[in-house]
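J.: Under the numbering used here, the residue at position 30 of the sequence shown is numbered 38, and the numbers go up by one with no gaps.
One structure is given below, represented as structure tokens, and several questions about it will come after.
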Amino acid sequence: MDGLAERTNLWIARSQSYPLTFHFRHTEGISDAGRSSPSFLPRVKQAIVCKVQPLVDLLCAHSARWQDIHLELRIGTMRSPLLSLITQPLPPSPILRQISFTLLFEPSDEREELTRLKETLHSSIEIFQSLSLRRLCLISPWTDHTNLSINFSKLTTVIFSDCPPSFVLSLLRLCPQLRICDLSLKPPGSYIHLEDRF
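Structure below.
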């Protein structure tokens, strides 16, 4: 992580005003640190904040230029700067076309707090409502898809995991412009793949 914020800042500066595409994959490793040495947990959490926060702040500062974003996040603490990527009020990107989003929660000493966060997090996410969004991929959803505030009307590609079967027909009705639909259904082992290209 050392030097990554500086390199990212240089990359963004060189891109001038052009749209941004980025892949952000990060795991906080809280559970591993807790098993090996619980007394080190506060220092581990502080180190995560210090190293990751500048990078997250940099990306959020340029959210109006996001076009194609891929986020794979493992949250292990309520102080996680990763939460800012999805929960802080962001100016709607007029060019945001694609979101690929995976969110997992690691076991930690903040289990009860993180459980409460999972129950309310869906109401704090605004980027799924972008009017320009066309492709949305949600892997390992932490909440029922019906809880998410998504602008379905313009979507042409949907890739969802762990969909409740009752949601499928509703989804097709909500997405009149859908061209590619890839869904894995509950219960595990039940799978449907629908694809239509024009």
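For every residue, glycine included, the Cβ atom is placed at its ideal position computed from N, Cα and C.
#1: Within 10 angstroms of its Cβ, does L18 collect 16 or more other Cβ (buried), or is it exposed?
#2: Have a look at F175 and R22 and give me their C-alpha separation to the nearest angstrom.
#3: Given a cut-off of 8 Å on the beta-carbon distance, is the pair T110 and S148 in contact?
#4: Please list, in chain order, all residues of the same chain as P173 whose beta carbon is under 6 Å from its beta carbon, the five residues on each side excluded.
#5: Give me the Cα-Cα distance between S2 and I83, rounded to the nearest whole angstrom.
#6: What residue from I135, R15, T123, A13 has the CA that sits closest to T85's CA?
#7: Give me the Cβ distance between D152 and I167, rounded to the nearest whole Å; I'm assuming they're in contact under 8 Å.
#8: With distance defined between alpha-carbon atoms, name the residue in C58, T164, W150, N159 nearest to L125.
#9: Check each candidate in I103, I77, Q61 and name the one with the smallest Cα separation from R87.
T.: Let me spell this out:
#1: The residue in question, L18, is exposed, as its Cβ has fewer than 16 Cβ neighbours within 10 Å.
#2: Whole-angstrom Cα-Cα distance: 43 Å.
#3: With respect to the 8 Å criterion, T110 and S148 are classified as neighbours on the basis of their beta carbons.
#4: L193
#5: No information on residue 2 is available, as it lies outside the stretch 9 to 206 that the chain covers here.
#6: T123
#7: Contact flag wrong, Cβ pair sits at about 17 Å.
#8: W150
#9: In terms of CA proximity to R87, Q61 leads the group I103, I77, Q61.
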